[in-house]
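Residue numbers (numbering that gives the first Met the number 0), protein chains in the order written: chain W, 0 to 297; chain S, 0 to 297. For reference, the structure is listed below as structure tokens.
There are 2 protein chains.
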Amino acid sequence: MTDIKTQLKEFNQVFTPYLESLFNFPQGPEKKVMEAGRYSLTNGGKRLRPFLVYRCAALFGVPLFPAPAQIGASLEMLHTYSLIHDDLPAMDNDDLRRGHPTCHKQYGEATAILAGDGLLTEAFRLIATAPLSAEIRCQLTEKLSFLAGWQQGMIAGQCLDLYAETAPKDINQEKLIADIEEMKTGALIRYACEAGAIIGKANEKQFEALSTYARKIGTAFQIVDDILDVEGDAALMGKTLGKDAVQGKATFVSCYGLEQAKEIAQKLITEAKESLKVFSFGAEPLAELADYIYSRNI
Amino acid sequence: MTDIKTQLKEFNQVFTPYLESLFNFPQGPEKKVMEAGRYSLTNGGKRLRPFLVYRCAALFGVPLFPAPAQIGASLEMLHTYSLIHDDLPAMDNDDLRRGHPTCHKQYGEATAILAGDGLLTEAFRLIATAPLSAEIRCQLTEKLSFLAGWQQGMIAGQCLDLYAETAPKDINQEKLIADIEEMKTGALIRYACEAGAIIGKANEKQFEALSTYARKIGTAFQIVDDILDVEGDAALMGKTLGKDAVQGKATFVSCYGLEQAKEIAQKLITEAKESLKVFSFGAEPLAELADYIYSRNI
């Protein structure tokens, strides 16, 4: 078995050309918005979320093609839309993403807004046309729209993140950060694993195990991101670092300090791996992935 | 039978409270984005698209509640997201919509972007959870994501509309305007009627009749909009008028002149009504609606 870093790389080498193959460009000038969407979608990215869909479905013997690949592509499009809108001047106002100009820097703000809208819309088209039963397609559509949504999903987390920038300092910072993480980053990682379980027709116990695994690594992922914003190498990461501290933004690091943040992340990774014990075999890549999330660049 | 204006008004009186009832606000500060979405959704609007879903489904004996109402709500949310994003400073930069401040004027740009994203996401959740067979829910999801999308749908039309602002003057203006209309405005009107037909389990001939009807009134609707931008009453319409001429934007009126534009719209309305002859009874409201679209304020 190759190590997880190689597995992710090999997956990316198969998955990114597949992603590119999904684009069917119109002939007229309206193709610009799709070009902008593809630019952001194929501009780097580890494909962590589609990899999770794939590995979770694989636990039940479902191969990458066709269904997990299409559901993974849908999720990667949805994730990319959130990055494009997040980078906009009115939001985080970022110029750099994965070492390249952000979508609005490259294509202008109007096209970037539309490219995000297009990716989000296309994400749902990909689920609706996936080679899965209609029941499962509806289940996945419902789950994704909830976990990406404004009630308790990604958009709600994004809204809370905006609020946090000017929130009074006497509120419960730990709870605020945990809530933001759970909704903003955690929700899509959770969807990735739960979608894999749904495609694989997991029983309740198996579904819960993968859902727990996802929640644990999702939080760990965000903590590591906050640590890297302090300790990371900007060139290696391809984005502007140190922004949290400059903006005086509450993060896991500002709340708990570097050392304790690392301990919490490590504990979550251990718990994530424990939840995989339900599976008698096939879960090694998910366990290794959990370790990899912790060790990324720390 | 009451006249169509009264029917629309009565429909609105039932449908808008229903729309409001769909909001389940979170408790924390993340509720702001949902508030912004509801603000734009319930801030006036004739509910033309949900009314079309309802009246087309009614041709097949399907009552408004529960399914056509939920699919109509989904469509109205999607329509409203497009208005919110369209009004943004980077797009049309409008301060006024339906006589009220636009979403970003009221809630700030970041929240408005998220509110649009939230409405779009929620639109797909409403389809996925509608009381219809899973097959039909998937069919509706696929159709909406295509007609609202970036390949030949609403987003592609929006992109073409941006392009039109700086397009070379020697291109085929008539084709450009027809393409923009078909994708930008026409696509959702077409979805409304086709969704009603799908919910009603229309046969092929009935489906095609409603699809043709929708295309005809969709184009007529846009032509009338262009005419009203020149001849309309700003106070009555609740938005800034005369913008097309100021921006030197190509419209049906700038291409064909006022009189010919009116003739084209009238011809389309006649053809739209002819396509309804497939139905031996029940289509009167749709025929009256076609006339109403032409006569709105001309």
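Every residue, glycine too, gets a C-beta built ideally from N, C-alpha and C. Since the structure is predicted, the reported quantities are computational estimates derived from the model, not experimental observations.
Within chain S, no residue has its beta carbon less than 8 Å from that of W/Ala66; the closest one is some 14 Å off. Around the CB of S/Gln150, 16 or more other CB atoms lie within 10 Å, so the residue is classed as buried.
Look at W/Cys137: its C-beta is under 8 Å from a C-beta on chain S. Think of a sphere of 7 Å around the beta carbon of S/Leu159: the chain W residues whose beta carbon falls inside it are Gly27, Pro28 and Glu29, in chain order. Proximity of S/Gln151 to chain W, defined by a Cβ-Cβ separation below 8 Å, is satisfied. Unbroken alpha helix (DSSP H) stretches of 4 residues or longer found wholly inside the segment 111–157 of chain S: 133–146, given in chain order. Taking all protein chains shown into account, W/Pro62 has fewer than 16 neighbouring C-beta atoms within 10 Å of its C-beta and is therefore exposed.
Judged by DSSP secondary structure, W/Met33 falls within the alpha helix (DSSP H) whose first and last residues are Lys30 to Leu40. Following the DSSP letters along the chain, one finds S/Arg46 in no alpha helix (DSSP H), marked with neither H nor E. DSSP places S/Met76 in the uninterrupted alpha helix (DSSP H) bounded by Ala66 to Asp86. Under the three-state reduction of DSSP, S/Pro100 is assigned to strand. The beta carbon of S/Glu9 does not come within 8 Å of any beta carbon belonging to chain W, so the residue lies off that interface. Taken through DSSP and simplified to helix, strand or coil, S/Leu95 comes out as strand. Distance from the CA atom of W/Gln6 to the CA atom of W/Ala129, rounded to whole angstroms, is 25 Å.
Around W/Ala186, no beta-carbon contact reaches into chain S at under 8 Å, the shortest distance being about 11 Å. Buried is the label assigned to W/Asp116, since at least 16 other Cβ atoms lie within 10 Å of its Cβ. W/Gly60 and S/Arg124 have their C-alpha atoms spaced approximately 29 Å apart. Listed in chain order, the positions of the segment 56–87 of chain W with a beta carbon within less than 7 Å of a beta carbon of chain S are His84 and Leu87. Between the segment 220–231 of chain S and the segment 150–161 of chain S, the count of Cβ pairs shorter than 8 Å is below three; the stretches do not touch.
Short of 8 Å from the beta carbon of W/Lys248, and not among the five residues preceding or following it, lie these beta carbons of its own chain, in chain order: Ala163, Glu164 and Lys242. Here DSSP, grouped into helix, strand and coil, assigns S/Gly60 to coil. In the structure shown, W/Ser294 falls within a helical segment according to DSSP collapsed to helix, strand and coil. Per the coordinates, the alpha-carbon of S/Thr41 lies some 43 Å from the alpha-carbon of W/Gln205. Thr120, Glu121, Phe123, Arg124, Ala127, Thr128, Ala133, Glu134, Arg136, Cys137, Thr140, Glu141, Ser144, Phe145, Ala147 and Gly148: these are the residues of the segment 120–148 of chain S whose beta carbon lies less than 7 Å from some beta carbon of chain W, given in chain order.
By the rule that beta-carbons nearer than 8 Å mark a contact, S/Glu108 touches chain W. Identification of chain S residues near W/Ala194 by a Cβ-Cβ cut-off of 9 Å yields none; the smallest Cβ-Cβ distance measures about 14 Å.
At a cut-off of 8 Å, the C-beta of W/Asp243 has no neighbouring C-beta in chain S. Neighbours of W/Gly217 across chain S, judged by C-beta separation under 8 Å, do not exist; the nearest C-beta is about 17 Å away. Within a 10 Å sphere around the beta-carbon of S/Gln246 sit fewer than 16 other beta-carbons, which makes this residue exposed. Residues of the same chain with a CB within less than 7 Å of the CB of W/Ala286, apart from the 5 flanking positions on each side, are Lys272 and Leu275 in chain order. If you keep only unbroken alpha helix (DSSP H) runs of at least 4 residues inside the segment 171–257 of chain S, you get 172–180, 186–198, 203–230, 233–236 and 242–245.
Contact annotation: the segment 206–219 of chain W touches the segment 177–195 of chain W, with at least three C-beta pairs closer than 8 Å. With fewer than three CB-CB distances shorter than 8 Å, the segment 100–114 of chain S does not count as touching the segment 99–106 of chain W.
Shown here, W/Ala286 sits in a helix according to DSSP, grouped into three states. Shown in chain order are the members of the segment 161–181 of chain S whose Cβ falls below 8 Å from a Cβ of chain W: Leu161, Tyr162, Ala166 and Asp178.
Taking all protein chains shown into account, W/Ser132 has fewer than 16 neighbouring C-beta atoms within 10 Å of its C-beta and is therefore exposed.
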